[in-house]
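2 protein chains.
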Amino acid sequence: MAEPKDGKPARADARRNLHALLDAAMEVFATSGVDAPVRDIAEKAGVGVGTLYRHFPQRSDLIVAVFRKEVDACAAAASTLAEEYEPGEALERWLDRFIQFVAAKRGLSAALHSGDPAFEPLPAYLMGHLAPAASGLLQAAATAGIVRSDVEAADLLMAIAHLCSPDGKGGITKESRRMVSLLIDGIRYNARGRP
Amino acid sequence: MAEPKDGKPARADARRNLHALLDAAMEVFATSGVDAPVRDIAEKAGVGVGTLYRHFPQRSDLIVAVFRKEVDACAAAASTLAEEYEPGEALERWLDRFIQFVAAKRGLSAALHSGDPAFEPLPAYLMGHLAPAASGLLQAAATAGIVRSDVEAADLLMAIAHLCSPDGKGGITKESRRMVSLLIDGIRYNARGRP
DNA sequence: TTTAATACGGAACATTGTTCCGGTTAGCAA
DNA sequence: TTGCTAACCGGAACAATGTTCCGTATTAAA
Numbered sequence: 011m012a013e014p015k016d017g018k019p020a021r022a023d024a025r026r027n028l029h030a031l032l033d034a035a036m037e038v039f040a041t042s043g044v045d046a047p048v049r050d051i052a053e054k055a056g057v058g059v060g061t062l063y064r065h066f067p068q069r070s071d072l073i074v075a076v077f078r079k080e081v082d083a084c085a086a087a088a089s090t091l092a093e094e095y096e097p098g099e100a101l102e103r104w105l106d107r108f109i110q111f112v113a114a115k116r117g118l119s120a121a122l123h124s125g126d127p128a129f130e131p132l133p134a135y136l137m138g139h140l141a142p143a144a145s146g147l148l149q150a151a152a153t154a155g156i157v158r159s160d161v162e163a164a165d166l167l168m169a170i171a172h173l174c175s176p177d178g179k180g181g182i183t184k185e186s187r188r189m190v191s192l193l194i195d196g197i198r199y200n201a202r203g204r205p
Numbered sequence: 011m012a013e014p015k016d017g018k019p020a021r022a023d024a025r026r027n028l029h030a031l032l033d034a035a036m037e038v039f040a041t042s043g044v045d046a047p048v049r050d051i052a053e054k055a056g057v058g059v060g061t062l063y064r065h066f067p068q069r070s071d072l073i074v075a076v077f078r079k080e081v082d083a084c085a086a087a088a089s090t091l092a093e094e095y096e097p098g099e100a101l102e103r104w105l106d107r108f109i110q111f112v113a114a115k116r117g118l119s120a121a122l123h124s125g126d127p128a129f130e131p132l133p134a135y136l137m138g139h140l141a142p143a144a145s146g147l148l149q150a151a152a153t154a155g156i157v158r159s160d161v162e163a164a165d166l167l168m169a170i171a172h173l174c175s176p177d178g179k180g181g182i183t184k185e186s187r188r189m190v191s192l193l194i195d196g197i198r199y200n201a202r203g204r205p
C-alpha cells in the first residue's frame with residue numbers, strides 16, 4: 011500500500027500522510043464511532059479531504075483499513091504477551107485485549123449488518139487472524155494444565171464477540187463482563203481432565 | 011394518531027395523507043430498503059416533504075410506524091388463518107407469513123443495531139404482539155396432536171428471526187429456508203408424546 | 001538548479017435529512 | 001351559499017456529509 015503498482019516507493023509526503031490518516035481515523039472512530047464525518051478525520055490528520063480520498067477512494071476503505079490494522083495489532087499482541095508472561099496470565103491478558111477491541115467498535119456492528127459489500131470480508135479477516143493467535147495461547151495454557159484442551163479458539167472468540175457487542179454504546183457493560191467471566195471460568199473447568 | 015390531543019378528529023385531508031404516506035413508505039421500504047430517501051416516499055404518496063415531516067417529525071418515526079403496522083398486520087393474520095384453516099395448516103401458513111415479514115426487512119436489522127434510541131423498543135413490540143399470536147396457533151396445533159406442546163412461541167420466533175435475517179439483501183436465501191424447515195420439523199417431532 | 005511527475009488542499013458538487021413560511025383548504029357558522 | 005379561521009399543504013431553502021476536480025505545491029531525479 012505504501013508502494014504504487016510499479017516498484018517505485020511512494021513519495022515521502024504520501025507515506026507520511028497515509029500514516030497520519032490511519033492514526034487520525036483510529037482515534038476519531040474510537041471517539042465518535044465509525045459514522046464520524048470524513049472531514050473530522052482529515053482535519054485531525056492535518057490534511058485535506060482530497061488527500062484522504064486519494065488514499066482511500068471510499069469512506070468504507072478507510073474503515074476497513076483501520077479495522078484490519080487493529081486486528082493485526084491484536085494478533086501481534088498475542089506473541090508479545092506469550093513471551094512476557096506465563097501461559098495463564100498471557101491468555102487472560104490477551105482475552106482482555108480482545109474484549110476491549112470488540113467493545114470499542116461503536117457503530118461497526120451496524121455497518122457489518124448494513125449489507126455494504128465493502129464490509130463483507132471483515133468477519134473472515136478477523137477470524138483468520140485472531141483465531142490462530144488465540145489458539146496458540148490456548149494450547150500453551152492447556153499444556154500448562156490451566157485450561158481445558160477441547161476449546162476451539164474460533165468458538166471462544168465468536169462467543170465473546172456476541173456477548174460484548176450487543177452493548178450498543180462505546181464501553182462494555184458490567185453485564186457483558188460477568189457473562190464473559192463465566193465463559194472464561196468455563197474454559198478453566200476440569201482443566202486437568204477428570205480423575 | 012388520527013386525532014389531535016383534543017377530542018376533535020383530524021381534518022379529512024390530514025387523515026388521507028397520513029394513510030397515503032404509510033402505504034407509500036411500506037412500498038418504498040420494501041423496494042429500496044429502509045435507507046430510501048424521504049423524498050421518494052413523499053413523491054410516491056403524492057405529497058410534499060413538509061407534509062411528511064408534519065406527520066412524522068423524524069425519519070425514524072416513519073420507519074417505526076411502518077414496522078408497527080406490519081407487525082400488527084402479521085398478528086392479525088394469525089386470527090384470520092386460525093378461522094380459515096385447520097390447526098396444522100394455519101400454523102404453517104402463519105409461520106411462512108412471519109418469515110416473509112422478517113426477510114423483507116432489508117436494512118432494518120442494521121438500523122436496530124445502530125444505537126438509535128428510536129428503534130430500541132421495536133424488538134419488544136414485535137415479541138409482545140407476535141408471541142401471543144404464535145402461541146395461540148401453537149397451542150391449537152398441539153391440542154390437535156400435530157406439534158409438540160413444549161415449544162415456547164417466543165423461542166420459535168426468535169430462532170426463525172435469527173435464521174432468516176443474516177441474509178443481508180432483500181429476499182430469503184435457500185439456506186435460510188432449509189434451516190427454518192429443519193426447525194419446523196423439529197417442533198413436529200414426537201408430537202403425541204413418547205409411547 | 002531545473003524539470004517532470006506526483007501529491008496536496010480545499011472549493012465546488014451531489015445527495016439527503018430537516019425547517020420554514022406563504023398560499024390553500026376543510027369544516028363550521030350565519 | 002357565503003365567509004371565516006384554524007389547520008394543513010407544498011416545496012424552496014438550509015444544513016450536514018460523501019465525493020470529485022483542478023490549480024498549486026512538493027518531491028526526487030537529471
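Chains S and D, in that order, give the protein sequences. When we follow this note's numbering, the leftmost residue of the first sequence carries the number 11, and every step to the right adds one. When we follow this note's numbering, the leftmost residue of the second sequence carries the number 11, and every step to the right adds one. Built from N, CA and C at the ideal position, the CB exists for glycine as well.
For residue 117(D), is the classification buried or exposed, using 16 other Cβ atoms within 10 angstroms of its Cβ as the cut-off for buried?
By the 10 Å Cβ count, residue 117(D) comes out buried.
For residue 76(S), I'd like the list of residues in its chain whose CB is within less than 8 Å of its CB, leaving aside the five on either flank, ordered along the chain.
Result list for residue 76(S): 32, 35, 36 and 39, in chain order.
Counting only Cβ pairs nearer than 7 Å, list the residues of chain D close to residue 123(S).
By Cβ distance, chain D contributes 119, 120 and 123.
Looking at the unbroken alpha helix (DSSP H) that takes in residue 2(S), where does it start and where does it end?
The question about residue 2(S) has no answer, for chain S in this structure spans 11 to 205.
Rounded to whole angstroms, what is the Cα-Cα separation between residue 152(S) and residue 120(S)?
Near 36 Å, if we compare the C-alpha coordinates of residue 120(S) and residue 152(S).
By alpha-carbon positions, which one of 148(S), 46(S) and 86(S) ends up nearest to residue 69(S)?
When C-alpha distances from residue 69(S) are compared across 148(S), 46(S) and 86(S), the shortest belongs to 46(S).
Runs of alpha helix (DSSP H) lying entirely within the region 49 to 113 of chain S, each at least 4 residues, in chain order
Here the runs fully enclosed are 59 to 65, 69 to 94 and 97 to 113.
Would you report the Cα separation of residue 85(D) and residue 129(S), rounded to the nearest angstrom?
Whole-angstrom Cα-Cα distance: 35 Å.
Is residue 97(S) near residue 154(S), with beta carbons less than 7 Å apart?
Yes, they are a contact pair.
Smallest Cα separation from residue 144(S): which of 106(S), 131(S) and 184(S)?
For the residues 106(S), 131(S) and 184(S), the minimum Cα distance to residue 144(S) belongs to 106(S).
Three-state secondary structure assigned by DSSP to residue 19(D)
It is coil, neither helix nor strand.
Would residue 171(S) count as contacting chain D if we go by Cβ distances under 7 Å?
No, residue 171(S) does not count as interfacial toward chain D.
Please state whether the Cβ-Cβ distance between residue 171(D) and residue 112(D) is less than 7 Å.
Yes. Within cutoff.
Could you check whether residue 173(D) and residue 186(D) sit closer than 7 Å to each other, using their CB atoms as the reference points?
Closer than 7 Å, so yes.
Can you list, in chain order, the residues of its chain with a C-beta nearer than 8 Å to that of residue 193(D)? Leave out the 5 residues immediately preceding and following it.
Answer for residue 193(D): 166, 169, 170 and 173, listed in chain order.
Could you say which of 199(D), 163(D) and 183(D) lies nearest to residue 104(D) if we only look at CA atoms?
Residue 104(D) has its Cα closest to that of 163(D), out of 199(D), 163(D) and 183(D).
Classify residue 160(D) as helix, strand or coil using the three-state DSSP reduction.
Note: residue 160(D) maps to coil in three-state DSSP.
Does the Cβ-Cβ distance between residue 100(S) and residue 147(S) come in under 7 Å?
Cβ distance < 7 Å, so residue 100(S) and residue 147(S) count as in contact.
Selection from 28(S), 22(S), 51(S) and 79(S) that minimises the alpha carbon distance to residue 65(S)
It is 28(S) whose Cα lies nearest to the Cα of residue 65(S).
Assign residue 41(S) to one of three DSSP states: helix, strand, or coil.
For residue 41(S), the three-state secondary structure derived from DSSP is helix.
Between the CA atoms of residue 110(S) and residue 57(D) - distance to the nearest angstrom
Distance between the alpha carbons of residue 57(D) and residue 110(S) is about 48 Å.
Among 79(D), 30(D), 23(D) and 102(D), which residue has its Cα nearest to the Cα of residue 139(D)?
Of the listed residues, the one whose Cα sits closest to residue 139(D) is 79(D).
Which residue from 59(D), 182(D) and 149(D) puts its Cα closest to that of residue 197(D)?
It is 149(D).
According to DSSP, simplified to helix, strand and coil, what is residue 116(S)?
Residue 116(S) falls in the coil class under three-state DSSP.
Taking its Cβ as the centre, do 16 or more other Cβ atoms sit within 10 Å of residue 43(D), making it buried, or is it exposed?
Buried, because 16 or more other Cβ atoms sit within 10 Å of the Cβ of residue 43(D).
Beta-carbon gap between residue 114(D) and residue 157(D) smaller than 7 Å
Going by C-beta atoms, residue 114(D) is not nearer than 7 Å to residue 157(D).
Just the C-alpha distance for residue 51(S) and residue 59(S), rounded to the nearest angstrom, thanks.
A direct Cα-to-Cα measurement between residue 51(S) and residue 59(S) gives close to 9 Å.
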